[in-house]
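Below: one structure, written as structure tokens.
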Amino acid sequence: MERSPASRWIPPYESLKWALPASLGHLHILSYLLEHHSVTYTHKAMAAAAQSGRVSAVRFLHERGFSIDDVLHNACTSGQLAVAQYAHAVGPRLLDPENTVIRTAHCGHLSLLQFLADSGYEVVSSTTLIYAATRGHLDVVKFLHERDTKGCPPPGRGSAAAYMCCTVSYLLEQIVTETFRPSVAVAQFLLDQHREHVDLVRVIRGCKKGRKTKTRTAECDLILAYVLQLRGSFAPSRTTTCTLQ
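The following block contains the structure:
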């Protein structure tokens, strides 16, 4: 029995046929596909256009009535500012702004984070900072640090000093133990900015634990040397208790 078009198996190259011209901004090919194909992959085309920075292709598809709901997310996480600006101007707000912000920070797209902040989205959180720092994006870490002027812990987390001690110490520990290549620059920046809030013993222990490869050992040793150099000039507060693990 003849199957309906909706139930037929579609080869993988069918979606590529839409995504490739969209990613290259070939509007004449997209126009041909829309005119001659009943089964469309405009969602693939729209995603490819957004991720490749093809504003013309995004506009072309949007003006023909196709969904632009995910374009702002795809543009931000791919570092495409012009597409993000267009999507923000004509489309809906982000469906899951926290996820978009975190992924944008994780990829190190500073200009997109700045755009999101200017567009009214909250970009500062400990999670965003952790993702940026563990990937070594110093410019993003500095941006988030400069915007975080409140200095207040979340409700139920104890004193601001205790929360800051936990956040910074945990972040430094993650940098030296969990990242592929620890960022010395990010670690030094955090130590310089929050020297009075750092659990040095925890960071030193993390540096020693992080020596898993030759490259990691070299980076961890540089961070450890910097910590030991600063150790004489400051000490963690004896009254600050970390309740986060």
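Residue 123 in our numbering sits at position 84 of the sequence shown, and the numbers go up by one each step.
A virtual CB, placed ideally from N, CA and C, is assigned to each residue, including glycine.
query, result
"8 Å Cβ cutoff met for LEU152 and THR143", "yes"
"Euclidean distance between Cα positions of GLY147 and GLN227", "18 Å"
"GLU185 to VAL163 span [Cα, whole Å]", "10 Å"
"DSSP-derived helix/strand/coil call for SER117", "helix"
"Cβ-based burial, TYR170 [other Cβ within 10 Å; buried from 16]", "buried"
"For ALA264 and ILE214, the rounded distance between their alpha carbons", "15 Å"
"Residue interval of the alpha helix (DSSP H) (run including GLY245)", "239-248"
"Alpha-carbon to alpha-carbon, HIS112 and GLY130", "11 Å"
"Rounded straight-line distance, which links the Cα of MET85 to that of ALA58", "8 Å"
"Proximity winner among ARG220, VAL237, PHE182, relative to LEU211 (alpha-carbon distances)", "VAL237"
"LEU229 versus SER54: straight-line alpha-carbon distance, rounded", "45 Å"
"Per-residue DSSP class, three states only, for LEU263", "helix"
"Rounded Cβ spacing between GLU102 and THR173 (contact assumed at less than 8 Å)", "Between THR173 and GLU102 the Cβ distance is about 41 Å, and since that is not below 8 Å, they are no contact."
"Spatial distance of ARG220 from GLY245 (CA atoms)", "14 Å"
"VAL110, buried or exposed, once every other Cβ within 10 Å from all chains shown has been counted against 16", "buried"
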